[in-house]
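If you count by my numbering, then the sequence shown holds residues 11 to 151, one letter each, in order.
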Amino acid sequence: MTLETQQLQIAFVSTDGLTVDGHFGSCEQFDIYTVDAQSYQKIGVREAKSGRGIEKNAIRAEIISDCHLMFCASIGGPAAARVIRTGIHPMKCKPLNNVYPTIEEQLQQLQQRIHSESLPPWLAKLTGQTETLSSRFDALA
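(1) In the DSSP output, what is K59 paired with across the bridge?
(2) I'd like to confirm the pairing. Which residues does DSSP put opposite A21 in its beta bridges?
(3) Assign I113 to one of two classes, buried (16 or more other C-beta atoms within 10 Å of its C-beta) or exposed (fewer than that).
(4) Whose CA, out of S49, P131, I73 and K66, lies closest to the CA of E196?
(5) So what does G54 bridge to, in DSSP terms?
(6) So, do the region 87-100 and the region 37-44 have three or more beta carbon pairs nearer to each other than 8 Å?
(7) Using DSSP's beta-bridge definition, name the partner residues of T112.
(8) Bridge partners of H99, per DSSP?
(9) Would a C-beta distance cut-off of 8 Å place V30 and C77 closer than the cut-off?
(10) Roughly how many angstroms lie between the CA atoms of H160 and L106, to the nearest whole one?
(11) Keeping to the same chain, check which residues put their C-beta closer than 6 Å to that of R70; ignore five residues upstream and five downstream.
(12) Can you give me the C-alpha to C-alpha distance between K104 and P111, rounded to a whole angstrom?
(13) Could you tell me which of Q118, V55 and I74 sits nearest to D26, measuring between CA atoms?
(14) Count the other C-beta atoms from every protein chain shown that fall within 10 angstroms of the C-beta of S24, then say buried if there are 16 or more, exposed otherwise.
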């Protein structure tokens, strides 16, 4: 499967289903999308179950454990570690001039990265398109 045809499953933390403005630890739901080089599509909404302490993070990470990426406005350190241990790459979205990015903007940016000639290391790892370190240096020579 090539990167051009592989679909990634993405979880977004949003309070309105449009913007990436939610906190992982206090969100009420996750909006789930698939994305590939050609298209993206919302495939569902999952309720974020409550809990206490570290167990809450484990429960929330398990709810989205089939996702490759999780976009949120904020996430605490222990929660981020739990998400990473579940195999999900967390992505924090910062507001620009107090305006949070939209889910659609993030999906479009991800598609642009998929089309780029040099993938960021985190995306290359997710898609199994990793290069060896020596090949990166060979390209510079």
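The C-beta atom is built at its ideal place from N, Cα and C for all residues, glycine as well.
Inspection of the coordinates gives the following:
(1) Within the sequence shown, residue 59 is the residue found at index 49, counting from 1. In the DSSP output, where bridge partners are listed per residue, K59 has none listed.
(2) Position 11 of the sequence shown, counting from 1, holds the residue named residue 21. For A21, which the question treats as bridged, DSSP gives the partners I42 and M80.
(3) Looking up residue 113 in the sequence shown gives position 103. By the neighbour-count rule (16 or more Cβ atoms within 10 Å), I113 is buried.
(4) There is simply no residue 196 to check, as the chain begins at 11 and stops at 151 in what is shown.
(5) If you number the sequence shown from 1, residue 54 lands on position 44. According to DSSP, G54 bridges with I42.
(6) no
(7) Here residue 112 refers to the residue found at position 102 when the sequence shown is read from its first residue. DSSP output for T112 lists T29 as bridge partner(s).
(8) Mapped onto the sequence shown, residue 99 falls at position 89. Answer is L79.
(9) For the purposes of this step, residue 30 is identified with residue 20 of the sequence shown, where counting begins at 1. For the purposes of this step, residue 77 is identified with residue 67 of the sequence shown, where counting begins at 1. No.
(10) The requested residue 160 does not occur in the structure, where the chain is confined to residues 11 to 151.
(11) Taking the sequence shown and counting its residues from 1, one reaches residue 70 at position 60. Taken in chain order, the residues that qualify are A58.
(12) One-based indexing of the sequence shown puts residue 104 at position 94. One-based indexing of the sequence shown puts residue 111 at position 101. Going by the C-alpha atoms only, they are around 8 Å apart.
(13) Start at 1 with the first residue of the sequence shown, and residue 26 comes out as number 16. Closest option to D26, Cα to Cα, is V55.
(14) Working through the sequence shown from its first residue, we reach residue 24 at position 14. Residue burial is scored here from C-beta neighbours: S24 has at least 16 other C-beta atoms within 10 angstroms and is therefore classed as buried.
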